[in-house]
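Undergrad: Here it is: the structure, laid out below.
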Amino acid sequence: MDSIRIRGGRPLKGTIPISGAKNAALPLMTASLLTDGTLTLANLPHLVDITTMANLLMSHGVALHMNGGGKGGRVLELRAREITNTTAHYDLVRKMRASILVLGPILAREGQARVSLPGGCAIGARPVDLHLKALEQMGATIAIDGGYVEARVDGRLKGAHLVFPQVTVTGTENILMAATLADGETIIDNAAREPEVTDLANCLLAMGAEIEGVGTPRLVVRGKESLHGASHSVLPDRIEAGSYAVAAAITRGRLLLQHADASQMSALTKVLAAAGAEITVRDDGLLVDAENREIRGVDVMTEPHPGFPTDMQAQVMALFATARGAAMVTETIFENRFMHVPELKRMGADINIHNGSAIVRGVARLSGAPVMATDLRASMSLVLAGLAAEGETVVNRVYHLDRGYERLEQKLAACGAAIERLRD
Ligand code: UD1
756 MDSIRIRGGR
766 PLKGTIPISG
776 AKNAALPLMT
786 ASLLTDGTLT
796 LANLPHLVDI
806 TTMANLLMSH
816 GVALHMNGGG
826 KGGRVLELRA
836 REITNTTAHY
846 DLVRKMRASI
856 LVLGPILARE
866 GQARVSLPGG
876 CAIGARPVDL
886 HLKALEQMGA
896 TIAIDGGYVE
906 ARVDGRLKGA
916 HLVFPQVTVT
926 GTENILMAAT
936 LADGETIIDN
946 AAREPEVTDL
956 ANCLLAMGAE
966 IEGVGTPRLV
976 VRGKESLHGA
986 SHSVLPDRIE
996 AGSYAVAAAI
1006 TRGRLLLQHA
1016 DASQMSALTK
1026 VLAAAGAEIT
1036 VRDDGLLVDA
1046 ENREIRGVDV
1056 MTEPHPGFPT
1066 DMQAQVMALF
1076 ATARGAAMVT
1086 ETIFENRFMH
1096 VPELKRMGAD
1106 INIHNGSAIV
1116 RGVARLSGAP
1126 VMATDLRASM
1136 SLVLAGLAAE
1146 GETVVNRVYH
1156 LDRGYERLEQ
1166 KLAACGAAIE
1176 RLRD
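With my numbering, the residue at position 312 of the sequence shown is 1067, and numbering never jumps.
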C-alpha cells in the first residue's frame, strides 16, 4: 500500500488550484438517474470516490462518457436512458457510504430500489434511518432484508411534509431528488444548508425541477412527471480549500487558493483570522498569509452549515497543536471523530479528550513519525502536522487521501513542500 513521506518545517508559498467538490460531485452524478436525458457535469475532480460512483451508476445502466481532464477539471456526460438494474450491490456500496444516494432517485423513477445498507464507518455508526423514514412518509414501503434496503411504492412517491429531527446532508439530498419526481408538493424542514446541497438543487432546477427555498432550511419541491438533461459545473471544494488554508497557517507560509469560494468558508476563515492568519478574499480566490505571524489557539465547535464543518475539525486540531496557548475543539456531528488524536500525540502534540471535546495545548515543535489514520480528513490532519513537524513523517494508508484530495503531493510540492509518494 502506498504511503506519503514528508520532510517538514518548510513554509509553503505559492498558488494551489482548488478542484471541484467531491461531496457535490457525488450527489450530482446520482441526479443523472432521474432523467433519460443527458446530464453533463463539468469541473469534476479526479478521485477514487468519483470512480466508485461511476462504477455504481454503470451497474444501474447509466452510460458515461468522459471528456477532457487537466486543469479545467474533467467533463462527464451521464445518460440513464433506462435503469437496467434497481439493485445497488454490497460490493460497491461498502466502498463508499455516499452510494446510498442512488436510493431516492431509483425509487422515484422506477417505483422500486434495492440498495445494500452502508455499514458503520471509522467516524461512527452513521445510520441512514432518517433517509428511510422520509421515504416511508412519501408512501414507500421499506424492508431490510439480507443487509439490503428494499424500497417499493405503488405508482409514484407522494409529496409529504417532512421534518428532519437532525440535519442530514445526504438525507436531504436523497429526499430532494426523490421529491422532484413525486406526486404533489414535498416540504423538507430542517433541511441541510451545506453548499453541496445548494449545488445539487441548482442542477435539479436546470433539469426542470421546481424547488423553492434553495439555501434555506425549508425546501419546497413540486414534483414533475419527468426531468430533462442539463449541464452543470461542480462548485469548488471548500474542504480541500480549507485544508490548504490550514497548510499555509501551520507552515507559517502564504498560499493563494485559486478558485476557492470564500462565501462558503466563512466559519473557517473567521477561525483562521482569529488564530492570527491574514485572510484576503480576491477575485481569483482566497489568500491565506501566516508568514512571520504568531498562530494562537481558538475554540471551535462543529455544527451544520453555516457553522464550522466537521470535515475541517481534524485539520484545525493539527494547527492548534502548533499554536500558542490552548484551544478547545468540540465535535457535535459524529460521535467518534477524534481518531487523529492518538496519532498527533505520537508526533508530540499535547491533546486531552473529554467526551466530545479535545483540549489542545500548543507545543513549540511537532516531531515527524510514522502515522496512519482510518478516515479521509484525519489522514489530511496528519499530512498537515507532517508539513510543520521537524524531521520525517510517513503517512500510511494513503488510499483514504486518494478518496478526497486530487493530486495532493503535486499541489503541495509545487508550493515548496518536501513530499513524495512511496509506491509499494
Ligand atoms: C455528509 C458528508 C460528510 C460530512 C457530513 C457532515 C457527503 C458525501 N458526506 O455525510 O463528508 O462529514 O455530511 O457534514 O456529503 N444521521 C442519522 N441518521 C441518518 C442520517 C444521519 O442519525 O439517517 C446522523 C449521522 O450519524 C451524523 C449526523 O446525522 O451523526 C449527520 O450526518 P449526515 O449529515 O447525514 O452525514 P452524511 O450525509 O453521511
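Glycine included, C-beta positions come from ideal geometry on N, C-alpha and C. As the structure is a computational prediction, the values presented were derived from the model and not from experiment.
Quick one: grab the DSSP three-state call for K768.
TA: DSSP places K768 in the strand class (E or B) of the three-state scheme.
Undergrad: My guess is that L847 and T807 are in contact by the Cβ rule of under 8 Å, so how many angstroms apart are they, rounded?
TA: Contact between L847 and T807 holds, with the beta-carbon distance rounding to 7 Å and staying under 8 Å.
Undergrad: Taking the beta carbon of Y1154 as the centre, do at least 16 other beta carbons fall within 10 Å, making it buried, or is it exposed?
TA: Classified as exposed, Y1154 has fewer than 16 neighbouring CB atoms from the shown chains inside 10 Å of its CB.
Undergrad: Considering only C-alpha positions, which residue in the set N840, L1023 and G1052 is nearest to H1060?
TA: L1023
Undergrad: Quick one: using the 10 Å Cβ neighbour count with 16 as the cut-off for buried, is L1084 buried or exposed?
TA: According to the sequence as given, residue 1084 is Val; it is not Leu. Its Cβ being crowded by 16 or more others within 10 Å, V1084 is buried.
Undergrad: Under 8 Å by Cβ, that's how I've got S787 and L781 pegged, so tell me the actual separation to the nearest angstrom.
TA: Taking C-beta atoms under 8 Å as the contact rule, S787 and L781 fail to qualify, at a distance of about 12 Å.
Undergrad: Taking the Cβ atom as the reference point for each residue, do V883 and T785 lie within a distance shorter than 7 Å?
TA: T785 is positioned such that its CB atom lies no closer than 7 Å to that of V883.
Undergrad: What is the C-beta distance between K777 and L802, in whole angstroms, given that I count them as a contact (C-beta under 8 Å)?
TA: Confirmed, about 6 Å.
Undergrad: Check whether the Cβ atoms of E1161 and S774 sit closer than 7 Å, and answer yes or no.
TA: yes
Undergrad: Give the straight-line distance between the Cα atoms of D909 and L960, rounded to the nearest whole angstrom.
TA: The C-alpha of L960 is placed about 26 Å away from the C-alpha of D909.
Undergrad: From L1167 to A797, what distance separates their C-alpha atoms?
TA: 24 Å
Undergrad: So does R993 have its beta carbon nearer than 6 Å to some heavy atom of ligand 1?
TA: no
Undergrad: In chain order, what residues of the same chain have a beta carbon less than 6 Å from the beta carbon of A863, not counting five sequence neighbours either side?
TA: L912, A933 and L936
Undergrad: If you count every other CB in all the chains shown that lies within 10 Å of the CB of P991, and 16 or more means buried, which is it?
TA: buried
Undergrad: Answer yes if the stretch 966-983 comes into contact with the stretch 1030-1043, meaning at least three C-beta pairs across the two stretches below 8 Å, and no otherwise.
TA: Between the stretch 1030-1043 and the stretch 966-983 there are fewer than three C-beta pairs closer than 8 Å, too few to call the two in contact.
Undergrad: Threshold first: 3 residues or longer. Then list the beta strand (DSSP E) segments lying entirely within the stretch 914-938, N to C.
TA: 916-918
Undergrad: Using a Cβ-Cβ cut-off of 6 Å (strictly less than) and excluding sequence neighbours within five positions of D1179, which residues of its own chain qualify?
TA: M756 and D757
Undergrad: For ligand 2, any of its heavy atoms closer than 6 Å to the Cβ of F1089?
TA: Only ligand 1 can be found as ligands here, which leaves ligand 2 out of the picture.
Undergrad: Put M784 into one of helix, strand or coil per three-state DSSP.
TA: Here M784 sits in helix by DSSP.
Undergrad: Going by CA-CA distance only, name the one from T1065, M1135 and E1098 that's closest to G1112.
TA: It is Ser, not Gly, that sits at residue 1112 in the sequence shown. Taking only the C-alpha atoms, the option nearest S1112 is T1065.
Undergrad: Can you give the Cα-Cα distance for E905 and N929, rounded to whole angstroms?
TA: 15 Å
Undergrad: A946: which of M1135, H886, R1176 and H983 sits nearest, CA to CA?
TA: H886
Undergrad: Can we say the stretch 1047-1057 touches the stretch 980-988, given the rule of at least three CB pairs closer than 8 Å?
TA: no
Undergrad: Where do the ends of the beta strand (DSSP E) carrying I855 lie?
TA: No residue range can be given for I855, since it is assigned to no beta strand (DSSP E) and is classified by DSSP as neither H nor E.
Undergrad: Can you grab the Cα-Cα spacing for the pair H1095 / G792, in whole Å?
TA: So the alpha carbons of these two residues sit roughly 44 Å apart.
Undergrad: Could you check if L709 is buried or exposed, using at least 16 other CB atoms within 10 Å of its CB as the buried criterion?
TA: No information on residue 709 is available, as it lies outside the stretch 756 to 1179 that the chain covers here.
Undergrad: Among L789, R1120, R852 and R1158, whose alpha-carbon lies nearest the alpha-carbon of T1006?
TA: Looking from the CA of T1006, the closest CA among L789, R1120, R852 and R1158 belongs to R1120.
Undergrad: Where do the ends of the beta strand (DSSP E) carrying A818 lie?
TA: Where A818 is concerned, the enclosing beta strand (DSSP E) starts and stops at A818 to N822.
Undergrad: Using a Cβ-Cβ cutoff of less than 6 Å, which residues in the same chain neighbour A924 once the five nearest sequence positions on both sides are dropped?
TA: It should be noted that the sequence gives Val, not Ala, for residue 924. Cβ within range, chain order: A947 and E949.
Undergrad: Can you check the stretch 1058-1144 for any alpha helix (DSSP H) of at least 4 residues that lies completely inside it and give the ranges in chain order?
TA: 1068-1076, 1095-1101 and 1131-1143
Undergrad: For ligand 1, is there any heavy atom lying closer than 6 Å to the beta carbon of T1129?
TA: no
Undergrad: Measuring from the CB of V924, is there a heavy atom of ligand 1 at a distance below 6 Å?
TA: Distance from the C-beta of V924 to the nearest heavy atom of ligand 1 is below 6 Å.
Undergrad: Give every residue of the same chain whose Cβ lies closer than 6 Å to the Cβ of A956, excluding the five residues on either side of it in the sequence, and list them in chain order.
TA: For A956, where only same-chain residues beyond five positions count, the Cβ hits under 6 Å are I966 and V969.
Undergrad: Looking only at its chain, what residues have a beta carbon closer than 7 Å to the beta carbon of A1124, apart from the 5 residues adjacent to it on each side?
TA: R1101, M1102 and T1148
Undergrad: When you compare only the Cα positions, how much space is there between H820 and H987?
TA: 15 Å
Undergrad: Closer than 6 Å by C-beta to D944: which residues in its own chain qualify, once you throw out the five before and the five after it? Chain order, please.
TA: For D944, same chain residues with a beta-carbon under 6 Å away, outside a window of 5 residues either side, are V918 and R973 in chain order.
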